[in-house]
Structure formats: C-alpha cells, structure tokens
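K.L.:
So that we are looking at the same thing, I have put the structure below in structure tokens.
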Amino acid sequence: MAQETRIIENTWDLTAYQWKIESDALDLFVKGLKDKKILGRKCPQCGTVYVPGPTYCRKCFRDIDQVVEVSQEGTLDAFTVNLADVKGTIVEHPYITCTVKLDGTHSFLMGVLEGWTDWRSIKEGMRVKAVWKDVTQGALADLSHFQLTEK
Amino acid sequence: MNERVAVVGYKQTKHTFDSPVARERMIYELVKSLFKDLGITRDDIDTFIFASNDFTDGRTISEVYTVPRIGSFMKDETKVEADGLNAALYAYMRILSGLYETALVIGFSMAGSEFRVPLTQAYTLDPVYERPRGIINFYSTAALQASAYMKKYKFTDEDLARLTVKNLQNANNNPYAARKEPTISVEDVLNSKPLYLPIRQAHVSAYADGACAVILSSKKAAKKFTDTPVWIDGVGHSMDTYYIGDRDLLGMEHLSAAAKKAYKMAGIKNPKKEIDFAELHTNFASEEPVFAEAMGLFKPGSGKDVVKNGDSGIGGALPVNPSGGPLGANPINATGLIRLAEASEQLRKEAGKNQVKGAKTAVVHAQDGPGAQLNTVFVVRR
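Right, here's the structure in full:
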C-alpha cells in the first residue's frame with residue numbers, strides 16, 4: 001500500500017524581498033517618545049485624533065498634517081492576564097497586556113499594565129498614566145508601561 | 152439586476168523602477184486624485200476590489216495594510232489574488248448582480264524595487280515536480296514557448312527584435328511608461344544580454360513600481376461619473392493546468408476559449424475585422440504573436456508577415472499594444488488592469504501620440520501564472 005503523505009524539502013531565499021516602510025507616522029511618534037511626549041495627528045475635518053498619527057484620515061480620505069501632543073493619562077479599555085507565550089508555554093511571571101485610550105484621543109495604545117496586586121480587582125475604565133524608561137532613545141520601547149493610578 | 156457595465160474612471164501612476172514612496176502612499180495618492188478628477192468621494196463607491204498577490208507582495212493577506220488607503224475604510228472590500236483585470240471581472244459581476252452600482256478596482260506592485268521577480272515567481276511553481284529542481288521558472292517557460300513558435304513558423308530573432316522595437320517606440324510616447332529607450336534599434340535588441348535563449352533582456356517586460364485604479368459602474372449610475380462611458384460588452388476567462396508539463400504552451404487553447412467567449416458575448420463574429428486594436432498582457436515580447444493568434448486577431452503562424460507589414464503597429468491593420476504594453480511598464484497585478492485603462496483612453500480619444508484613429512472596439516487581455524496559465528479577456532466599446 002502506498003504511503004498517503006510524504007515530506008518534500010524546499011528552500012526559500014528571504015532576500016527575495018525588501019520592503020519600503022512608510023515612515024511619516026512612525027517617525028513622528030518615536031521623535032515624541034524620545035522627548036517623553038506622545039504625539040499624534042488630528043483631522044481638521046472630523047476631529048479624530050490618531051495616535052500614532054498617519055498623514056491621512058481614513059474616514060474623510062484626506063491629508064492631515066496637524067500634529068498634536070496628547071495627554072499621558074487615560075482610561076483602561078481592556079486587559080488580559082498573559083499566562084502563556086505564543087508557543088503555548090506557561091510563563092513563569094504572568095503579566096497584563098492592556099489597551100488604553102489616552103484622554104482626548106480616538107486610538108488605543110497597547111502596553112503592559114503595572115501597579116496592581118490582584119488582577120481580579122482591576123476594572124475597565126480605571127485611570128492609568130504612561131511611564132517612561134529612564135533613558136529614552138526614540139524607540140517604541142521608550143514608553144515602558146501604563147501604571148494604574150487608582151486602586 | 153443590472154444589464155450593462157461601464158468603465159467610468161481610470162488613472163495610473165507614472166510607473167518607475169524605484170518608487171520614492173511606499174505602496175500605501177502610492178495607492179492613496181492615486182485614488183485620491185482619481186476621485187478629485189471625477190468630483191466624487193469614497194461614498195460614491197459601493198465596493199472596493201484589490202488585485203494583489205501574497206507571493207509578490209511578500210506578506211500574507213497582502214492587502215490588509217493597504218485597505219484604508221483606497222477609501223474603503225468601513226466599506227465593502229475584497230481581494231483577488233491575480234491580475235487587476237480579474238479583479239475588474241469580479242467587480243463587473245458584482246455590479247451585474249444588482250447588489251452594487253459602482254466598484255473601484257485597484258492593482259499595484261513594487262516589482263521594480265522591492266522583490267526579485269523571477270525568484271519570487273519561482274516560489275509559486277508546482278512544489279512537487281517543478282520548484283525543488285529549480286530548472287524551470289517564468290522566464291524559461293516563456294523561452295520554451297518562444298522557441299516552439301519561432302521554429303514552427305520561421306519567426307526569426309530579427310523578427311522578434313523588430314516587434315520589441317515597435318513596442319518600445321510606443322512606450323516612449325506613453326507618459327506612464329517606466330522604460331524609455333527612444334533610440335533602441337533592432338541591432339541593440341539582438342545584442343542585448345542573453346537570458347534564456349531565444350529570450351534576451353530587451354524582450355523582457357519592464358517590471359516596475361506602479362498602480363492602476365479603475366472605476367466600473369452600472370448604466371444607471373454611469374452619468375454621475377462621465378458623459379463618455381466605455382462599455383464592457385464581452386468577458387471571458389479560462390485557465391489551463393498549473394503543472395507546465397500538462398500544457399500545450401504554443402496552442403494556448405485556454406486563451407482561445409476565453410477570447411471566443413468574450414467575442415460571442417459582444418456579438419463579434421470576425422475579430423480580425425471587428426476589433427480595432429488590442430491591448431495584451433505580454434510579459435515577454437515573444438508572447439505577442441502567440442497570444443494575438445490564439446485570440447483570433449491574426450492568422451496562426453502569421454507573426455513574421457505581421458511584423459514585416461507593420462500590421463500590429465499604430466497605423467497598421469490591427470494595432471497591438473499601442474500603449475507600448477508591458478514592455479513599457481509591468482507593475483505585476485496592475486498590468487492587465489492597465490490594459491483596460493489604456494484601451495478606455497484610446498476609445499475616448501485621449502491617447503495623444505499613440506492614438507489609434509477611429510477606434511471603437513477593443514480587446515483587452517490579462518494573464519497570470521507561468522506561461523500565461525490563466526487568461527482574462529474583455530471586449531470594450533465606445
């Protein structure tokens with residue numbers, strides 16, 4: 001009887017590709033982070049404040065160039081307790097990933113939530129603030145985490 | 152149900168070999184300026200259809216990052232993993248269904264600067280028999296076809312060089328073309344770098360960065376966009392087996408089938424007489440006589456005479472690729488859709504130096520897969 005499946009080896013040259021990445025939104029965002037500021041862009045037509053800020057509004061389909069510095073405080077939108085990694089392995093030190101809506105913005109920032117002792121006492125809508133790394137270098141990781149400011 | 156569908160708007164980028172902007176900005180600027188030209192907003196488009204390819208884009212679900220860049224945020228959007236003319240076929244059917252009145256179709260590529268075309272194409276080959284041995288690719292498949300045609304019909308290297316020059320002269324007058332070689336001679340083509348004989352570098356289409364957007368509409372909605380709609384009166388689509396070993400590369404029976412279907416639908420009995428010009432998706436100059444003959448535009452094996460008499464030139468009996476075709480610009484995925492835009496431009500007498508006089512009916516073609524495994528044919532009229 002014939003085998004039903006078999007393995008065939010192939011190779012793949014990843015240098016086949018190189019991508020140009022649009023830099024406008026990222027450049028503005030990390031430039032702000034270096035100075036411990038959170039920058040975004042605001043659409044003059046619909047008023048949407050995007051963080052990070054693209055150079056166009058996806059709703060109004062127009063260019064936007066108004067840069068705004070936004071609040072470093074906001075509200076907790078949703079959170080999850082990370083008990084496993086992407087391979088399914090149970091992690092030794094569970095941590096919380098959350099989405100935060102900074103005051104006055106319409107985007108959600110994703111980050112690690114700290115300042116809690118029992119995760120069961122965390123509630124959506126609690127107030128948080130951005131916490132910076134001591135030394136910032138103009139990278140996404142400059143924004144260390146979000147800290148709960150209420151119990 | 153809608154009964155008739157028209158091309159009511161189109162725009163292409165000026166294609167380049169190294170776009171100064173990323174694909175997201177390229178397609179956003181293109182669609183924004185098309186909307187501006189037509190005096191419309193994204194609210195005037197019912198459905199959006201992308202033509203992109205995960206292999207040539209180098210990422211899975213290749214349109215995900217680009218969706219909002221064509222105005223389709225929170226709208227009906229989908230994708231065709233093939234040439235843009237296939238996406239236009241999809242849009243055409245959506246409008247015929249009556250569920251949609253208007254559709255925006257877009258194809259784009261960064262083939263000029265972001266990926267190595269023959270290498271990435273080779274990854275799309277049959278993974279059992281073709282890919283692991285590495286002895287066949289899209290270029291060599293075209294060379295096998297070219298060699299078969301040339302031997303059977305005594306089509307010489309010089310004939311092929313003349314055909315190449317004809318297209319490059321047309322491309323030189325096309326403001327969107329990436330490849331500009333105004334002084335190229337038959338001798339230059341014959342002496343260009345040999346790749347897979349009889350294919351030389353000069354015969355290869357101009358893989359480029361670029362995009363093309365086309366708006367289709369029902370008859371009812373067309374007035375809102377233009378007073379000069381271009382009607383899609385016939386469509387045909389056909390594919391051969393993926394495995395090259397099971398195909399007749401020269402016969403192109405599947406392309407003939409697609410063309411016959413489109414002609415029948417458009418009421419065309421004698422394409423040689425009734426078609427005024429053709430825009431064909433040729434990745435290599437050598438494909439032109441093979442495709443044109445399979446589509447019934449010229450007598451089988453007449454390629455040599457067609458070149459000699461200049462029948463496929465702009466002033467000839469049946470001009471083929473008056474735009475210069477993909478030899479001037481081949482932004483993969485947009486290339487077949489560009490044929491539709493170029494044909495529409497011709498039918499609306501907007502083609503400038505490349506204008507075919509008195510053109511009323513055109514046939515448009517797109518291909519995909521190695522050696523044109525899959526073909527789409529449109530008959531368009533003004």
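Protein chains in written order, with this note's numbering: chain A, 1 to 151; chain B, 152 to 533. Quick reminder that beta carbons are idealized off the backbone N, C-alpha and C, glycines included.
Leaving out five residues on either side along the sequence, give the residues of the same chain with a beta carbon under 7 Å from the beta carbon of threonine 192/B.
P.N.:
Phe186
K.L.:
Between Glu214/B, Val256/B, Asp462/B, which has its C-alpha nearest alanine 429/B's C-alpha?
P.N.:
Asp462/B
K.L.:
Tell me the rounded alpha-carbon separation between glutamine 518/B and serine 203/B.
P.N.:
14 Å
K.L.:
Does the structure place the stretch 522 to 529 of chain B close enough to the stretch 392 to 412 of chain B that three or more beta carbon pairs sit under 8 Å?
P.N.:
Yes: at least three Cβ pairs fall under 8 Å.
K.L.:
I need the straight-line Cα distance from alanine 359/B to valine 172/B, nearest angstrom please.
P.N.:
In this structure, the straight-line span from the alpha carbon of alanine 359/B to that of valine 172/B is close to 13 Å.
K.L.:
Quick one: is valine 172/B near chain A, going by C-beta distance under 9 Å?
P.N.:
yes
K.L.:
From aspartate 194/B to proline 278/B, what does the alpha carbon distance come to, in whole angstroms?
P.N.:
43 Å
K.L.:
For a minimum of 3 consecutive residues, which ranges assigned as the beta strand (DSSP E) are wholly contained in the stretch 234 to 269 of chain B?
P.N.:
253 to 261
K.L.:
For lysine 34/A, count neighbouring Cβ atoms within 10 angstroms of its own Cβ and tell me buried if that reaches 16, exposed if not.
P.N.:
exposed
K.L.:
Taking only beta carbons into account, state which residues of the stretch 15 to 29 of chain A come closer than 9 Å to chain B, listed in chain order.
P.N.:
If the cut-off is 9 Å between Cβ atoms, the stretch 15 to 29 of chain A has Thr15, Ala16, Tyr17, Gln18, Trp19, Lys20, Ile21, Glu22, Ser23, Asp24 near chain B.
K.L.:
Interface residues of chain B around lysine 59/A at Cβ under 7 Å?
P.N.:
Phe224
K.L.:
Tell me the rounded alpha-carbon separation between alanine 480/B and phenylalanine 29/A.
P.N.:
36 Å
K.L.:
Taking only the alpha-carbon atoms, compute the straight-line gap between alanine 372/B and threonine 379/B and give it to the nearest angstrom.
P.N.:
One alpha carbon belongs to alanine 372/B, the other to threonine 379/B, and they sit about 13 Å apart.
K.L.:
By Cβ distance below 6 Å, which residues in the same chain neighbour asparagine 318/B in space, the five residues on each side in sequence not counted?
P.N.:
Asn472, Gly475, Gly476, Leu478
K.L.:
From Tyr300/B, Gly361/B, Asn323/B, pick the residue whose C-alpha is nearest to that of asparagine 505/B; which is it?
P.N.:
Asn323/B
K.L.:
Classify serine 336/B: buried if its beta carbon has 16 or more other beta carbons within 10 angstroms, exposed otherwise.
P.N.:
exposed
K.L.:
When the Cα of asparagine 153/B is compared with those of Asp308/B, Ala242/B, Tyr216/B, Ser170/B, which residue comes out closest?
P.N.:
The option with the nearest alpha carbon to asparagine 153/B is Ala242/B.
K.L.:
Mind checking who glycine 487/B pairs with in its DSSP beta bridge?
P.N.:
Bridge partners of glycine 487/B according to DSSP: none are assigned.
K.L.:
Using a Cβ-Cβ distance cut-off of 9 Å, determine whether asparagine 10/A contacts chain B.
P.N.:
Closer than 9 Å: yes.
K.L.:
With burial defined as no fewer than 16 other Cβ atoms inside 10 Å of the residue's Cβ, what is the status of arginine 532/B: buried or exposed?
P.N.:
Classification for arginine 532/B: buried.
K.L.:
Does chain A have any CB closer than 9 Å to the CB of lysine 183/B?
P.N.:
yes
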